Amino acid sequence: MDQPLPQLDSTSPPAAPEAEHAHGVLRDSHERVIHDLRMSITDRCNFRCVYCMEPGDRFLPKRALLSASEYMTIVDAAIALGVRKVRLTGGEPTLYPVLDTIISELGRRNLDDIAMTTNGSLLDPTRTARWKAAGLTRLTFSLDTLREDRMTAITRSKTRVADVLRSIDVAAETGLARSKINVVAMRNFNEDEFADFADLARERDLDIRFIEFMPLDSGRSWKPGRVVSETEIIEMVSARHALQHRDPKNPHSTSRHYYFADGAPGRIGVIPSVTRPFCAACNRLRVTAEGAVRPCLFSNTEWDIRPLLRNGGTHEDIKRFLVDSVWTKQAGHSIGAKDFQQPDRGMSAIGG
Ligand code: SF4
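Note that our numbering has the sequence shown beginning at 184, numbered continuously upward.
Written out as structure tokens, the structure reads:
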């Protein structure tokens, strides 16, 4: 089933109260302030993960995608409004033709953290070292199995687990901050490997984060019964390694942290998006590869910033557009509620 190409609402967001523009920050009507900008720089991917994309999904024409300078125009406005962290996502961002340019441009800005989420299939030491030198802080890898047979079944690609583990080593050897490994936890799929992932965390001092399966798959096969909850995940890991829960220092963290009771290196995290939503402390804003400003991962409303970018919009105009967009941010995702509506876009067209 072809993923419908999203028809962006080219109208500008409704105006936020004038006072919001005077504040000079990105704040929503629920008093949450945005510091973290997630930019999907391409919808293209060399994987077809079963919980994300269908083999027949079509990609956007290149002219629809934002250019590197358009991204930086948005970033400069966001930084002027208090954003301190930028995460590059996709699709698969390492496929983006001018990724080096974007990372070095970000590296020249006043940012506390420049992160990127990757499937780890296309990393090499030279490129990774160049990104680090340009300012990249950390990498987050998506890896849902440690078994080669399942890797092929999940990703529908030729990339092996061994390739991704090699990329994780490259990140460590390059001196990037400790990598995070995101594992989408799916019932009757990979829960028999959760304790193996904990072994990996201990062996390589990694931050393994289990993500509760969210209804963002373009195949729309998500069901509540396929969600493995935080409680279950921790029970499964604890069967092999005793864990101690400690709240993260960062109040906006999406992950709940568990440490090995025997003091072993590594950490276990759970992103309990479905069973313990963390929306009240959300400080994130997203921009998609073709310029849709999405106040929430589960937004069913988004605002197309391209007309402004491509018709002489000034720095102040872009700031105003972002402030107005953030003001429309919904309180949370309402998964499980009667009125919950799965977004038209799949995860690959939003970016994590
Ligand atoms: S669902 Fe939306 S509001 Fe909730 S944490 Fe995610 S982005 Fe934030």
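Backbone N, C-alpha and C define an ideal beta-carbon position, used for all residues, glycine too. Keep in mind it's a predicted model, so treat the numbers as computed, not measured.
For PHE230, is the classification buried or exposed, using 16 other Cβ atoms within 10 angstroms of its Cβ as the cut-off for buried?
For the purposes of this step, residue 230 is identified with residue 47 of the sequence shown, where counting begins at 1. By the 10 Å Cβ count, PHE230 comes out buried.
Alpha carbon to alpha carbon, how far is MET299 from SER252?
As a first step, residue 299 must be located in the sequence shown, where it is residue number 116. As a first step, residue 252 must be located in the sequence shown, where it is residue number 69. Answer to the nearest angstrom: the Cα atoms are 18 Å apart.
Rounded to the nearest angstrom, what separates ASP240 and CYS232 at their Cα positions?
Indexing the sequence shown from 1 puts residue 240 at position 57. Indexing the sequence shown from 1 puts residue 232 at position 49. Between ASP240 and CYS232, the C-alpha separation is close to 11 Å.
Assign HIS218 to one of two classes, buried (16 or more other C-beta atoms within 10 Å of its C-beta) or exposed (fewer than that).
For the purposes of this step, residue 218 is identified with residue 35 of the sequence shown, where counting begins at 1. Under this definition HIS218 is a buried residue.
For a test of the three-state rule: what should DSSP assign to LYS128, helix, strand or coil?
No statement about residue 128 is possible, as the shown extent of the chain runs from 184 to 535 and does not include it.
Mind pulling the alpha helix (DSSP H) runs of 4 or more residues that sit fully within the segment 272 to 298?
Complete alpha helix (DSSP H) runs here, min 4: 282 to 290.
ARG215 and ASN433 - do their beta-carbons sit closer together than 8 Å?
Start at 1 with the first residue of the sequence shown, and residue 433 comes out as number 250. Start at 1 with the first residue of the sequence shown, and residue 215 comes out as number 32. No, they are not a contact pair.
When we look at the beta-carbon of ASP211 and count the other beta-carbons within 10 Å, is it buried (16 or more) or exposed?
Indexing the sequence shown from 1 puts residue 211 at position 28. Result: buried.
So ILE394 packs on ASN365, CB below 8 Å; how close in whole Å?
The residue labelled residue 394 in the question sits at position 211 within the sequence shown. The residue labelled residue 365 in the question sits at position 182 within the sequence shown. Rounded, the Cβ-Cβ distance is 6 Å, consistent with contact.
For PRO187 and PRO526, what's the separation of their Cα atoms in angstroms?
As a first step, residue 187 must be located in the sequence shown, where it is residue number 4. As a first step, residue 526 must be located in the sequence shown, where it is residue number 343. Summary for PRO187: the model assigns pLDDT 47, below 50, so the residue's position carries little reliability; its value from the coordinates is reported in the next sentence. Their backbone Cα atoms lie some 12 Å apart in a straight line.
Does the beta-carbon of PRO431, which I'm using as the reference point, lie nearer than 7 Å to any heavy atom of ligand 1?
Taking the first residue of the sequence shown as position 1, residue 431 is located at position 248. No; taking the cut-off as 7 Å, the Cβ of PRO431 has no heavy atom of ligand 1 nearer than that.
Out of ASN494, HIS206, GLU386, VAL410, which one is the CA nearest neighbour of ARG370?
As a position in the sequence shown, residue 370 is number 187, starting the count at 1. Minimum Cα distance to ARG370 is reached at VAL410.
Comparing the CB of LEU505 with every heavy atom of ligand 1, is any distance shorter than 7 Å?
What you label residue 505 is simply residue 322 of the sequence shown in a count that begins at 1. Checking every heavy atom of ligand 1 against the Cβ of LEU505, none is found closer than 7 Å.
One question on the structure: do ARG227 and GLY303 come within less than 8 Å of each other, judged by their Cβ atoms?
Your numbering for residue 227 matches position 44 in the sequence shown. Your numbering for residue 303 matches position 120 in the sequence shown. No. Outside cutoff.
Please report the straight-line C-alpha distance between TRP486 and LEU294, rounded to a whole angstrom.
The sequence position of residue 486 within the sequence shown is 303, counting from 1. The sequence position of residue 294 within the sequence shown is 111, counting from 1. Their Cα atoms are separated by approximately 25 Å.
Would you call the segment 304 to 311 and the segment 342 to 354 touching, i.e. three or more CB-CB distances under 8 Å?
Flag = yes, the segment 304 to 311 and the segment 342 to 354 touch.
Taking only heavy atoms of ligand 1 into account, decide whether any of them is closer than 7 Å to the Cβ of GLY515.
Taking the sequence shown and counting its residues from 1, the one referred to as residue 515 is at position 332. Checking the Cβ of GLY515 against ligand 1 gives yes.
Buried or exposed for LYS341, going by 16 or more other Cβ atoms inside 10 Å?
One-based indexing of the sequence shown puts residue 341 at position 158. With fewer than 16 Cβ atoms within 10 Å of its Cβ, LYS341 is classed as exposed.
So the candidates are GLY474, PHE396, LYS406; which of them puts its Cα closest to the Cα of GLU413?
On the sequence shown, position 230 is the one that residue 413 refers to. Here the closest residue by C-alpha is PHE396.
Taking the straight line between their C-alpha atoms, what separation do you get for ARG313 and THR284?
Counting from 1 along the sequence shown, the entry for residue 313 is found at position 130. Counting from 1 along the sequence shown, the entry for residue 284 is found at position 101. Each residue's alpha carbon lies about 11 Å from the other.
Helix, strand or coil, according to DSSP, for SER482 in the structure here?
Taking the sequence shown and counting its residues from 1, the one referred to as residue 482 is at position 299. Residue state, collapsed to three classes: coil.
Taking DSSP as the reference, what is the three-state secondary structure of ARG528?
Reading the sequence shown from its first residue, position 345 is the one you call residue 528. Three-state result, ARG528: coil.
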